[in-house]
Amino acid sequence: MKALWALLLVPLLTGCLAEGELEVTDQLPGQSDQPWEQALNRFWDYLRWVQTLSDQVQEELQSSQVTQELTVLMEDTMTEVKAYKKELEEQLGPVAEETRARLAKEVQAAQARLGADMEDLRNRLGQYRNERTANLGAGAAQPLRDRAQALSDRIRG
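For the sequence shown, the positions run -18 to -1, 1 to 139 when mature numbering (1 follows the signal peptide of the UniProt record, and there is no 0) is used.
In structure tokens form, the structure reads like this:
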């Protein structure tokens, strides 16, 4: 931003401090003595000078000094980021370990509860099966077996 201000300020100050001088030059063929043409030529010369000045400023900005300063700044920033990362890992390490241990304990408790519930379900289903078998009895089961046999014979035959 400073370079831009310098680029704008230098031509302004130069224009304010300029003293008009008439140049006495031998004219080339095709040139005239018209004041507007001379002013136009001086304007183009001024623009060339400003272009040269801006090129110099640009070269200074791209010089190795600026590059070195930026490199040092980036390295310092990366060092600070790495230090912050290390500090954060040191602070979060115990918390993460504690969370992992608590989660493992909760998962183990959930597995135990699930195992107990599954065993309870197995016992209830066994009891329910025994009750149904007793209710149906051997006499009620025989017609069902005969019907199943007839259906299987029909399917095979």
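Beta carbons: idealized from backbone N, C-alpha and C, even for Gly.
Using alpha carbons as the reference points, say which of the options lies closest to residue i.
i	options	result
D27	P(-8), L55 and E51	P(-8)
M(-18)	Y110, N23, Q131 and L43	L43
A(-16)	E79, T(-5), L35 and P17	L35
V32	M60, A98, S46 and T(-5)	T(-5)
If residue i sits next to residue j, beta carbons under 8 Å apart, how far is it from one beta carbon to the other, in whole angstroms?
i	j	result
V39	L(-11)	That pair is no contact at about 11 Å.
Taking only runs of the beta strand (DSSP E) that begin and end inside the segment 52 to 106, which ones reach a length of at least 3 residues, in chain order? none
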